[in-house]
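*Asks:*
Residue numbers (the working numbering): -2 to 1140.
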């Protein structure tokens, strides 16, 4: 945050220094500051790492030497050493830039190329001659410089010599010259001034600019101007030049007026020109700015071109009025009408620029959207000139925006730092299988819309898919195979091609969409066709899908049955070896070895799902089979079509099919017929009871048949009506898909359809659970049948053994009778008891009392559960636990009726001690603005402990004296000492109680052992009774045993009574001893009786054995009193002596 604040402050200073905006225009300054701050914060460029640059250069030098290019390596080292003395802070950036520009320097570099860096030697200039001097000074025009001066007037010979000595300038080749015959003066070089009259005319024509706007008496007046002057000023203003009649904001000056025209007419006319200039001013200001984005630069260039064309039109008008060839009438209105067709397109461009400047931080491609809309509107309005100009500018700018799209669709690359493109790359390197899904993403705005021009959104998906296809092809090393799939050349995207005159009535949006679709198709089809063909031919997409069908969808019943049989065998034998992933992998590889690559197949077990017992795993399809997870490693290109979520759907279908096969396998086990069923069939023919063995077997067969029909029908439905049609549709959709995304969507639709039709969807969860209940029912039915078969077999073997002991003639009779008796003895009825007068309609819900405040007061105080923090530090009086201020509690808040202080409601809170769970009660104290503890605790810091006590007249607060403080400390020490003694006494009492509980538990355990022995003896007697019953049936005599059984029960009851009576006497004896010890020590007994009364002493003599009585008191209940441990003396552990209490 400090860095951002510092950056914001520096940005504000930068805006103030560069723009010089007044301080009162804070909104404008903030707008500039926010725009610059966002640009600084969102740039993606980091500083060059100088160490990486040096490392790269050293590696390049070493590479030269390794490959035998020593001369290049030495030359590189010499130049690096030469640049060191001149090193600056930008040297690493320059060297990094050169390294980025290098293209295979080892192969393409030549040592001879360094000679081109040397500057060529300049040729020596030719020698200077007098001829050259004469030619440069133009001596030919001044021939008198070669004449000799005549100082003798009478000598004629010398004159002849002078004439003869004259030489032509063309024959001079020496460096000597003769003296001039005479010297020229300065007057000879002076020129006469010319153009004075023209200058006076110009000054006279411009004199109106400095004319005074007041008359001789000082009153204001209008300066008259001519039509030509007004026209010239208006044309200069439209061209963006400074004028006298218009200021910088194109407002007309009010001190001038057109000669011979009323003020209102002049004002309307000049305002029309001023309005045109104001509309063009944003456009001219934008054309002079410096833009960084290529999109804005090309738009700026288009605006400058349009303005240049308009300026040429203005220049043509001016030249026509300056170089007049015939008489013309200068009309301002005519000139304005003549300029209006050229101004209309500029008005539209100015409006686009103005809208972009008004928006806060617009995207660089925002003007493309505005121009796209403007072109469409111009076409609808029939403005052909505007439509043609804006359409041309739009396509010129759009071709620049197509550059990153073309690079992405042809090379699969992104321009580093490009914030106008709508595709971004993940900064982390992902596995190859996740390249298609996660490596590249579409940029979106904070509102969730795509970061792309609005008119391109229908084609963004295909652009994105084409680029990803190129990236995948590069990873496949198959990027060079694309040219054979090209459908043609790239269509031209310009206004003349897209919007020809013969299609003038077609909407611009349709024309652009058609042309751009053709452009996209020329590149998208190439990449998509290449990748789709490679997936089917080189990377085995069809084989991978067939493998998944064999493993997960069980398309080969024999292989799936072999794997399922192996797993079911381990489940039926309650063997835990199937939970080992290595064993399970071996079973899967052995079963599917004929159709899959076994080294790619593995199995895993979900340890959380197999946490149940072996019997629970065996008896339910919900616990065991979902834990089995098969994994087949596909090649990474195939994993693009079959992602992990699709494999999860395959696994769900595999689990459901395995559960179905589990139920069918259990129901198809061989049938076992009871042997006694055929022998006793005649005895049970006339028996209408439904619980006879024959009826039960018939019910079992009907249930088994229905369950088997349900399971086989469900399996047939899954294989023939769900999976088979879906697989055929999947194969057809994959072959007809245009790109990889459509293939992924087709496979995802297949998985979703299969899951939905196989009742695995979220909405069909109740149906799925019902089907699984049927499967579990099949397992339970077979388990019950197996248990019944084992029981009946045991009974038959026992009956056969008894029959062998009896007469051979009584065998059938005994078998039928004993079987029926055994069957009837197994009947158990577990029902709920309802009283005869039970009526569910009489059950009503408790309702809150009605009737207002009186009813609420009668109902009692209002209680609610709240969460609070302790408002003060306190200590529990039961266990001494300290609870600090701010400790959180779940409390009951009570609002007692009628308890108020000066109209303020009092509240009472109930909490529990965190150690002993004792109840603590405190309430609010509005009088002292505090809380008062009512029960269960003591405050550690009372208000009077802060050195203040209440006293004096009127309850005034006075300072605590030294005597009062000493008394308080002595009282607290005494209470603390009494607490320690009470704790020691409670600890001994709890130890004694614990010992008594242990003795009581031992006595109860002995009594239970005796009861257990008695029950065993009764069970043995019952079995003997059964043998006697069999003998009685054989002999026809049954001997009663009720007397012996009753006698044994009485003996057992007497033994239990004696055991409990002994324990009770021991407890009473211990209580008497404790009472006597307490009486000798302090005269206080434990039950609260005073010292003057004595406790009765029980008779400790052994009582005679009598019959058990119903008046015997019940044994004491076990105690649940919390054991309070004595606190450790930390002061003694640290060697600190305990301070003696003040007595």
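Virtual Cβ for every residue (Gly too), placed ideally from N, Cα, C.
Check residue 865 in the structure and name its three-state DSSP category.
*Replies:* In this structure, residue 865 counts as strand in the three-state DSSP scheme.
*Asks:* Is it a yes or a no for the region 240 to 258 touching the region 282 to 298, going by three-plus beta-carbon pairs under 8 Å?
*Replies:* no
*Asks:* So the beta strand (DSSP E) residue 410 belongs to, where does it begin and stop?
*Replies:* Residue 410 -> no beta strand (DSSP E), and no H or E assigned at all.
*Asks:* Quick check on DSSP: helix, strand or coil for residue 571?
*Replies:* coil
*Asks:* Helix, strand or coil for residue 1094? Go by DSSP, reduced to three states.
*Replies:* Because residue 1094 carries a pLDDT of 39, less than 50, the predicted location of this residue cannot be relied on, and the following value inherits that uncertainty. Reduced to three states, the DSSP call for residue 1094 is coil.
*Asks:* Distance check for residue 1010 and residue 1046, CA to CA, integer angstroms please.
*Replies:* 12 Å
*Asks:* In or out: residue 7 buried (at least 16 other Cβ within 10 Å) or exposed?
*Replies:* exposed
*Asks:* How big is the Cα-Cα spacing for residue 395 and residue 382?
*Replies:* 20 Å
*Asks:* Count the other CB atoms within 10 Å of the CB of residue 285; is the residue buried (16 or more) or exposed (fewer)?
*Replies:* exposed
*Asks:* Starting from the C-beta of residue 18, find all residues in its chain whose C-beta is less than 8 Å away, skip the five residues before and the five after it, and write them out in chain order.
*Replies:* 12, 25, 26 and 29
*Asks:* Let me check understanding here. Comparing Cα to Cα, which of 124, 96, 870 and 262 lies closest to residue 927?
*Replies:* Looking only at 124, 96, 870 and 262, the smallest Cα-Cα distance to residue 927 is reached by 870.
*Asks:* Quick one: what does DSSP say residue 460 is sitting in, helix, strand or coil?
*Replies:* helix
*Asks:* Let me know the secondary structure DSSP gives residue 1045 once reduced to three states.
*Replies:* helix
*Asks:* Does the region 424 to 440 touch the region 634 to 641, meaning 3 or more C-beta pairs lie closer than 8 Å?
*Replies:* yes
*Asks:* What number of angstroms, rounded off, separates the C-alpha of residue 242 from the C-alpha of residue 129?
*Replies:* 56 Å
*Asks:* Note down, in chain order, each residue of its chain lying with its Cβ closer than 7 Å to the Cβ of residue 935, except the 5 sequence neighbours on either side.
*Replies:* Within the same chain, residue 935 has close Cβ partners 871, 872 and 874.
*Asks:* Between the Cα of residue 223 and those of 194, 248, 257 and 246, spot the shortest distance and give me the residue it belongs to.
*Replies:* Considering only alpha carbons, the answer is 257.
*Asks:* Evaluate contact between the region 739 to 759 and the region 645 to 653, counting only Cβ atoms and requiring at least three cross-stretch pairs below 8 Å.
*Replies:* With three or more CB-CB distances shorter than 8 Å, the region 739 to 759 counts as touching the region 645 to 653.
*Asks:* Using a 10 Å radius around the Cβ and a threshold of 16 neighbouring Cβ atoms, would you call residue 104 buried or exposed?
*Replies:* exposed
*Asks:* Can you give me the start and stop residues for the beta strand (DSSP E) that residue 421 sits inside?
*Replies:* 420 to 422
*Asks:* Assuming residue 759 contacts residue 719 under a Cβ cut-off of 8 Å, what Cβ separation, rounded to an integer in Å, is found between them?
*Replies:* In fact, because the Cβ distance is near 18 Å, the residues do not count as touching under 8 Å.
*Asks:* Check whether the region 435 to 450 touches the region 503 to 514, counting contact only when three or more Cβ pairs, one atom from each stretch, lie closer than 8 Å.
*Replies:* no
*Asks:* Evaluate residue 435 with the Cβ neighbour count: other Cβ atoms within 10 Å of its Cβ, from every protein chain shown; 16 or more gives buried, anything less gives exposed.
*Replies:* exposed
*Asks:* Measure the beta-carbon distance from residue 496 to residue 388 and round it to whole angstroms, keeping in mind my assumption that it falls under 8 Å.
*Replies:* 6 Å
*Asks:* Return the CA-CA distance between residue 37 and residue 88, expressed in angstroms with no decimal places.
*Replies:* Between residue 37 and residue 88, the C-alpha separation is close to 23 Å.
*Asks:* Is the beta carbon of residue 437 sitting closer than 8 Å to the one on residue 465?
*Replies:* yes
*Asks:* Starting from the N-terminal side, write out each stretch of the alpha helix (DSSP H) that is 4 residues or longer and does not extend beyond the region 4 to 56.
*Replies:* 23 to 39
*Asks:* Identify every residue that forms a DSSP beta bridge with residue 625.
*Replies:* 602
*Asks:* Go through its chain and collect everything with a Cβ distance to residue 412's Cβ below 6 Å, but skip five positions before and after it.
*Replies:* 401
*Asks:* Express the C-alpha separation of residue 374 and residue 380 in angstroms, rounding to a whole number.
*Replies:* 9 Å
*Asks:* What residue from 278, 557 and 420 has the CA that sits closest to residue 244's CA?
*Replies:* Residue 244 has its Cα closest to that of 278, out of 278, 557 and 420.
*Asks:* In or out: residue 342 buried (at least 16 other Cβ within 10 Å) or exposed?
*Replies:* buried
*Asks:* Counting pairs of Cβ atoms below 8 Å between the region 856 to 866 and the region 887 to 898, do you hit three or more?
*Replies:* yes
*Asks:* What does the alpha-carbon distance come out to for the pair residue 240 and residue 305?
*Replies:* 19 Å
*Asks:* Output the distance between the C-alpha atoms of residue 565 and residue 772, rounded to the nearest integer angstrom.
*Replies:* 14 Å
*Asks:* In terms of residue numbering, what span does the alpha helix (DSSP H) encompassing residue 335 cover?
*Replies:* 329 to 355
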